[in-house]
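Colleague:
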Amino acid sequence: MPSVLALFAHPDDIEFVAAGTLLQLQARGWEVHYMNLCTGNGGSVQMDGPTTSRTRLAEAQEAARILGATFYPPICDDLELSYSVPYLRKVASVVRAARPSIVLTHSPADYMEDHQNACRLAVTGSFAHGIPNFVCDPEREAFFHDVTVYHAMPHGLCDPLRHPIQADLYVDTTAVHERKRESLAAHVSQKHWLDVSQGMDSYLISMDEVSQRVGGLSGKFEHAEGWRRHLHLGFSTSEIDPLREALGDLVV
45 MPSVLALFAH PDDIEFVAAG TLLQLQARGW EVHYMNLCTG NGGSVQMDGP
95 TTSRTRLAEA QEAARILGAT FYPPICDDLE LSYSVPYLRK VASVVRAARP
145 SIVLTHSPAD YMEDHQNACR LAVTGSFAHG IPNFVCDPER EAFFHDVTVY
195 HAMPHGLCDP LRHPIQADLY VDTTAVHERK RESLAAHVSQ KHWLDVSQGM
245 DSYLISMDEV SQRVGGLSGK FEHAEGWRRH LHLGFSTSEI DPLREALGDL
295 VV
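In my numbering, the protein residues as written are 45 to 296.
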């Protein structure tokens, strides 16, 4: 059974930009694997850090359950995620555990460093999947089938300098949008935080609106998620596009 691994920074990042694609792959027989690299401890003005971490961990586990995904625990607190060897060893270990053919992660250019560093760790952790001499933590055997990395649309659909980002391909998520929404709703502690910190009013409505905006960019779908494919060199033996191949007419 082929597998897909979502490697993102914070609890709820996957649900905002990637859960629809995960569900569409799952419907076609793919195993789904799910990891937030950060605990989400910074995401509250009502709870202290340790309480927020515990709350958001439970919410993320529930979201993964709704998505039918294998869950991997976070490795550091918010704003402390760096591109460093200790974290890289942990991410590479998760890649080897999941043995994905597709890895979904953040845009290389996004509005905050946790997203960008999560992307860098996901890319290099995936690159190391077939390098036995790179020691991961915990140690796991390398594997040698092709891996393709796809980058999600950044927050705001633009880079940090406000330049618009266009996707290489758009996945139709209309049929699974309600389940995607249910998984995001599991992150119930985020409503107040996003109201206060980013003026998002209702994070569920905000997700709906972004999903529809990306659907509009596709020129075809009501709801969609956009992806850009990482260069294949070092990841696969040839230039392949397994997301497009797996989802067929659900992709433009």
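Backbone N, C-alpha and C define an ideal beta-carbon position, used for all residues, glycine too.
Being a predicted model, the structure only gives us computed values, none of them experimental.
Grouping DSSP H, G and I as helix and E and B as strand, with all else coil, what is PRO130?
Modeller: Numbered from its first residue, the sequence shown carries residue 130 at position 86. Reduced to three states, the DSSP call for PRO130 is helix.
Colleague: Nearest CA to the CA of SER137: which residue from GLY169, THR114, ARG109 and LEU148?
Modeller: Locating residue 137 in the sequence shown gives position 93, where the first residue counts as 1. Nearest C-alpha to SER137: GLY169.
Colleague: Report the rounded CA-to-CA distance for LEU125 versus HIS159, giving the unit in angstroms.
Modeller: As a working mapping, residue 125 is identified with position 81 in the sequence shown. As a working mapping, residue 159 is identified with position 115 in the sequence shown. In a straight line, the C-alpha of LEU125 is about 9 Å away from that of HIS159.
Colleague: May I ask you to list the residues that DSSP assigns as paired with THR192?
Modeller: Within the sequence shown, the letter at position 148 stands for residue 192. According to DSSP, which records beta bridges pairwise, THR192 is partnered with ILE146.
Colleague: Using only the alpha-carbon positions, how far apart do GLU289 and GLY270 sit?
Modeller: As a working note, residue 289 is residue 245 in the sequence shown. As a working note, residue 270 is residue 226 in the sequence shown. Approximately 16 Å, taken between the alpha carbons.
Colleague: Report the residue from GLY86, ARG143, VAL61 and SER151 whose alpha carbon sits nearest the alpha carbon of TRP74.
Modeller: What you label residue 74 is simply residue 30 of the sequence shown in a count that begins at 1. The shortest Cα separation from TRP74 among GLY86, ARG143, VAL61 and SER151 belongs to ARG143.
Colleague: Spell out a yes or no on whether the stretch 145–156 and the stretch 199–218 are touching, meaning 3 or more CB-CB pairs, one atom from each, closer than 8 Å.
Modeller: Verdict: yes, contact present.
Colleague: Which residue from ILE146, PHE188 and ILE119 puts its Cα closest to that of ALA62?
Modeller: Residue numbering aside, residue 62 sits at position 18 when the sequence shown is read from its first letter. Nearest C-alpha to ALA62: ILE146.
Colleague: What does a CB cutoff of less than 7 Å around VAL258 pick up in its chain, not counting 5 residues either side in sequence?
Modeller: Counted from its first residue, the sequence shown places residue 258 at position 214. Here the set comprises MET197, TYR214, ALA268, GLU269 and GLY270.
Colleague: So, with DSSP's three-state summary, where would you put SER41?
Modeller: With the chain running from 45 to 296 in the structure shown, residue 41 is simply not present.
Colleague: Mind checking whether THR218 and LYS224 have CB atoms under 8 Å apart?
Modeller: As a first step, residue 218 must be located in the sequence shown, where it is residue number 174. As a first step, residue 224 must be located in the sequence shown, where it is residue number 180. Against a cut-off of 8 Å, the Cβ pair of LYS224 and THR218 comes out as no contact.
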